[in-house]
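Data block below; observations after.
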Amino acid sequence: MDRTTHIIAPPNVPAGSGWSHVVAASGTFVAISGQVSVDAEGRLVGKDDVEAQIHQVYRNLAACLEAINAGFEHVIKLTYYATDIKAALPLMRRIRPTYIGMDKPPANTFVEVTALASPDFLFEAEAFVVL
-12 MDRTTHIIAP PNVPAGSGWS HVVAASGTFV AISGQVSVDA EGRLVGKDDV
38 EAQIHQVYRN LAACLEAINA GFEHVIKLTY YATDIKAALP LMRRIRPTYI
88 GMDKPPANTF VEVTALASPD FLFEAEAFVV L
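So the sequence shown is numbered by the working numbering: it starts at -12 and just counts up by one.
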């Protein structure tokens, strides 16, 4: 039984570009901390390369999901942070379907920030999951 309802465009709200405005779910709630562009050994991936960093962030999210026997289909909300939204947003939109099924996309928010935890980090994402 599907315990998740995705409403891409509720009445009187225009459809977004690759996200659901509303995702309702029941089950166990899991929060995944912000993931940055480091590999399993803690080394930076993609210095000065936001595209490489976005891919690594999605790989890290996938590893976190796998650790709880979940996949991106269980993600109900993603929050993205970038130090340069003009550079990162079009890349994220192009890369996102590689990892996330766009038939029932999660809700999401994308925020430009002045800095992340390290000056080498250009992109970060956190996830809310329901199992």
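Using N, Cα and C, we set each Cβ at its ideal position, and we do this for glycine too.
Residues of its chain near residue i, where Cβ-Cβ distance is below 7 Å and the 5 sequence neighbours each way are ignored
i           : result
residue 12  : -10, -9, 63, 117
residue 103 : 23, 68, 70, 111
residue 31  : 24, 25, 107
Proximity below 9 Å, CB of residue i to CB of residue j
i           : j          : result
residue 39  : residue 33 : yes
residue 115 : residue 87 : no
residue -6  : residue 10 : yes
residue 19  : residue 48 : yes
residue 37  : residue 74 : yes
When the options are compared against residue i, the one with the closest alpha-carbon
i           : options         : result
residue 108 : 43, 23, 15, 46  : 23
residue 65  : -1, 8, -2       : 8
residue 85  : 19, 35, 43      : 43
residue 77  : -5, 48, -6, 4   : 4
residue 89  : 73, 61, 99, 106 : 61
residue 72  : 21, 2, 98       : 98
residue -4  : 101, 91, 113    : 91
residue 45  : 21, 56, 29      : 21
residue 56  : 6, -2, 2, 15    : 15
Per-residue burial, residue i [other beta carbons within 10 Å of its own, 16 or more giving buried]
i          : result
residue 79 : buried
residue 50 : exposed
residue 95 : buried
residue 41 : buried
Cβ neighbours of residue i in the same chain (closer than 6 Å, five flanking residues each side left out)
i          : result
residue 52 : 58
residue 0  : 8
Cβ shell of residue i (< 8 Å), same chain only, five flanking positions each side left out
i           : result
residue 105 : 23, 31
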